[in-house]
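Since the structure comes first, as structure tokens, the remarks are kept for the end.
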Amino acid sequence: MGETAKISVAGKDVENAVMSGTVGPDVIDIRKLYAQTGMFTYDPGFTSTASCDSAITYIDGDEGVLLHRGYPIGQLAEKSSFMEVCYLLLNGELPSKDELGTFSHTISRHTMLHEQLANFYSGFRRDAHPMAIMCGVVGALSAFYADSADVTDPYQRMIASHRLIAKMPTIAAMAYKYSIGQPFMHPKNDLSYTGNFLRMTFGVPAEEYVVDPVIEKAMDRIFILHADHEQNASTSTVRLAGSSGANPFACIAAGIACLWGPAHGGANEAALNMLHEIGTPDKIPEYIARAKDKNDPFRLMGFGHRVYKNYDPRATVMQQTVREVFKAMNVSDPVFDTALKLEEIALSDPYFIEKKLFPNVDFYSGIILSAIGFPTTMFTALFALARTVGWVAQWNEMISDPQQKIGRPRQLYTGATERDYVPVEKR
Ligand code: ACO
Numbered sequence: 132m133g134e135t136a137k138i139s140v141a142g143k144d145v146e147n148a149v150m151s152g153t154v155g156p157d158v159i160d161i162r163k164l165y166a167q168t169g170m171f172t173y174d175p176g177f178t179s180t181a182s183c184d185s186a187i188t189y190i191d192g193d194e195g196v197l198l199h200r201g202y203p204i205g206q207l208a209e210k211s212s213f214m215e216v217c218y219l220l221l222n223g224e225l226p227s228k229d230e231l232g233t234f235s236h237t238i239s240r241h242t243m244l245h246e247q248l249a250n251f252y253s254g255f256r257r258d259a260h261p262m263a264i265m266c267g268v269v270g271a272l273s274a275f276y277a278d279s280a281d282v283t284d285p286y287q288r289m290i291a292s293h294r295l296i297a298k299m300p301t302i303a304a305m306a307y308k309y310s311i312g313q314p315f316m317h318p319k320n321d322l323s324y325t326g327n328f329l330r331m332t333f334g335v336p337a338e339e340y341v342v343d344p345v346i347e348k349a350m351d352r353i354f355i356l357h358a359d360h361e362q363n364a365s366t367s368t369v370r371l372a373g374s375s376g377a378n379p380f381a382c383i384a385a386g387i388a389c390l391w392g393p394a395h396g397g398a399n400e401a402a403l404n405m406l407h408e409i410g411t412p413d414k415i416p417e418y419i420a421r422a423k424d425k426n427d428p429f430r431l432m433g434f435g436h437r438v439y440k441n442y443d444p445r446a447t448v449m450q451q452t453v454r455e456v457f458k459a460m461n462v463s464d465p466v467f468d469t470a471l472k473l474e475e476i477a478l479s480d481p482y483f484i485e486k487k488l489f490p491n492v493d494f495y496s497g498i499i500l501s502a503i504g505f506p507t508t509m510f511t512a513l514f515a516l517a518r519t520v521g522w523v524a525q526w527n528e529m530i531s532d533p534q535q536k537i538g539r540p541r542q543l544y545t546g547a548t549e550r551d552y553v554p555v556e557k558r
């Protein structure tokens, strides 16, 4: 027997196996703990709990390391493409040239939406948040693709995965077009995944849209940086929803709903709004003081992370991408200068040093997305677009795991104990 962990409770010693992965902290297998002791473990927020085993993404938060299938995010962002990363996340290995060609072709053949879905958009108010539209439309896909609903069939799961990856850019671009009252642009299959998305977002039928290679490259890199992030809140939501055998499109809609929150994917929108509110570097100390004030709910958006207690490696690439795009476009933005100054001041402040609060991926992403021309409300929708591959890869991994069970946490009950019902006239 390998290493075990001894737990002493109520005068009783129980031994539980210690399990090791390929790298990272070992885990104590507590699956039998309730049967052994009659006790549950308590870990709201899952700060010490591994909810599954996974071979997709590894994060070392103390060292600021992020690996997809073993490959460092910096190398993927610099040398790979989003299509290649999608293949890698779904299949476990980098594709050969032919495999990549076939995969990209397959994805490009699934980009169109059923025309009835286009009608669905007109039920929304024009000022609807794109994430509200995304939740609705992606959930509605389940009503259109009943042929990929048998989650026990790996072939159908793969088709559903391809459909989701392919249709997300179309769905997100249509959410944007709807909000500004412009006609929807149909996908164009001779463009790259990212070029096609840019055209569907910024093109109009009246003119030929020429994809700017600098923007295309930057956008592709932004997608890579958001592709997966192991068991974060939205991915865990997708896994939990999927653990009941639910329809994959509905599960991804659940992930989108979770991502929307400002503590998660919504932070990119909140971070840029905050930088605009700060305005000029002279106002930074005031906002730093507010972030440190226990009586003020204000937090520095785009700062801090549950797992990274070091610089988020995605923020490093994002900051560098902002510089590259600004240089290529020959533009500057005072908000970027404010962000750099804010980072410098925060990283030298004892509060942020002691709590290990560093910029996360969302700190710089809003600046670049705004420079490309996206309104802030689209930022989280772009995150959802890119994260879809991570969600479907994790969902696939979970369903194909023979040990998979419905996710069903327990609780520490603190409510009333049993009591008799009192009729209303006696209350
Ligand atoms: N500004 C100021 N103080 C902060 C910040 C912040 N951004 N983040 C954490 N803290 C402080 C907390 O007040 C807390 O202080 P305390 O120990 O004195 O009570 C301590 O640091 C730990 O914070 P927790 O909220 O307990 O840490 P947790 O791991 O639960 O939260 C989170 C992580 C939600 C990301 C948090 O840092 C935060 O709210 N950041 C701002 C929002 C944000 O940028 N979210 C994006 C995350 S990345 C992503 O989803 C892609």
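For reference, each letter of the sequence shown is one residue, going 132 to 558 in our numbering.
Glycine residues also receive a C-beta, built at the ideal position from the N, C-alpha and C atoms.
In this structure, does DSSP put residue i in helix, strand or coil?
i, result
"serine 139", "strand"
"tyrosine 418", "helix"
"proline 156", "coil"
"leucine 473", "helix"
"proline 428", "coil"
"proline 203", "strand"
"glutamine 451", "helix"
"glutamate 347", "helix"
"leucine 406", "helix"
"threonine 283", "coil"
"histidine 293", "helix"
"tryptophan 391", "coil"
"lysine 440", "coil"
Output needed for residue i: all residues of its chain with C-beta closer than 8 Å, excluding positions within five of it in sequence on either side, in chain order.
i, result
"methionine 405", "Tyr418, Leu431, Met432, Gly433"
"leucine 543", "Phe171, Tyr173"
"tyrosine 442", "Gly195, Phe489, Pro490"
"phenylalanine 234", "Met214, Cys217, Tyr218, Pro226"
"proline 444", "Gly195, Val196, Leu197, Pro203, Ile204, Gly205"
"valine 335", "Gln313, Pro314, Met316"
Around the Cβ of residue i, are there at least 16 other Cβ atoms within 10 angstroms (buried) or fewer (exposed)?
i, result
"tyrosine 307", "buried"
"serine 463", "exposed"
"phenylalanine 171", "exposed"
"glutamate 347", "buried"
"proline 490", "buried"
"alanine 559", "Since the displayed the chain opens at 132 and closes at 558, residue 559 lies outside it and no answer follows."
"lysine 486", "exposed"
"lysine 557", "exposed"
"methionine 83", "Absent from the structure is residue 83, since the part of the chain shown begins at 132 and ends at 558."
"serine 179", "exposed"
"glutamate 400", "buried"
"arginine 370", "buried"
"alanine 297", "buried"
"serine 253", "exposed"
Considering Cα atoms alone, identify which of the options is closest to residue i.
i, options, result
"tyrosine 165", "His395, Tyr276, Asn147", "Asn147"
"glutamine 451", "Met243, Ile353, Ile296", "Ile353"
"valine 140", "Gly169, Arg162, Gly155, Ile159", "Gly169"
"lysine 163", "Leu516, Met150, Val145, Ser310", "Val145"
"cysteine 382", "Ala512, Ser501, His395, Ala291", "Ala291"
"threonine 301", "Val282, Ser239, Ile355, Ala259", "Ser239"
"glutamine 483", "Ser531, Ala502, Ala422, Leu471", "Looking at the sequence provided, one finds phenylalanine at residue 483 rather than glutamine. It is Ala422."
"isoleucine 204", "Asp278, Val448, Ile498", "Val448"
"glycine 435", "Pro465, Pro412, Leu478, Phe457", "Leu478"
"glutamine 287", "Gln535, Ile530, Gly254, Ala398", "Ile530"
"isoleucine 190", "Val154, Ser273, Met509", "Val154"
Could you tell me which residues DSSP pairs with residue i in its beta bridges?
i, result
"asparagine 147", "Ala136"
"isoleucine 190", "Leu197"
"phenylalanine 434", "Pro490"
Starting from the C-beta of residue i, find all residues in its chain whose C-beta is less than 6 Å away, skip the five residues before and the five after it, and write them out in chain order.
i, result
"phenylalanine 105", "Residue coverage of the chain in this structure runs from 132 to 558, which leaves residue 105 outside it and unanswerable."
"threonine 188", "His199, Asp359, Glu361"
"proline 533", "none"
"isoleucine 503", "Ile346"
Can you give me the Cβ contacts of residue i inside the same chain, cut-off strictly under 7 Å, excluding the 5 residues immediately before and after it?
i, result
"leucine 127", "Here the chain covers residues 132 to 558 and nothing more, so residue 127 does not appear."
"alanine 304", "Met316, Phe328, Met331, Thr332"
"methionine 265", "Ile302, Ala303, Ala306, Ile387, Ala512, Ala515"
"isoleucine 537", "Ser374, Ser375"
"aspartate 480", "Ile419"
"threonine 237", "His293"
"leucine 390", "Ser365, Gly396, Thr511, Phe514, Ala515, Arg518"
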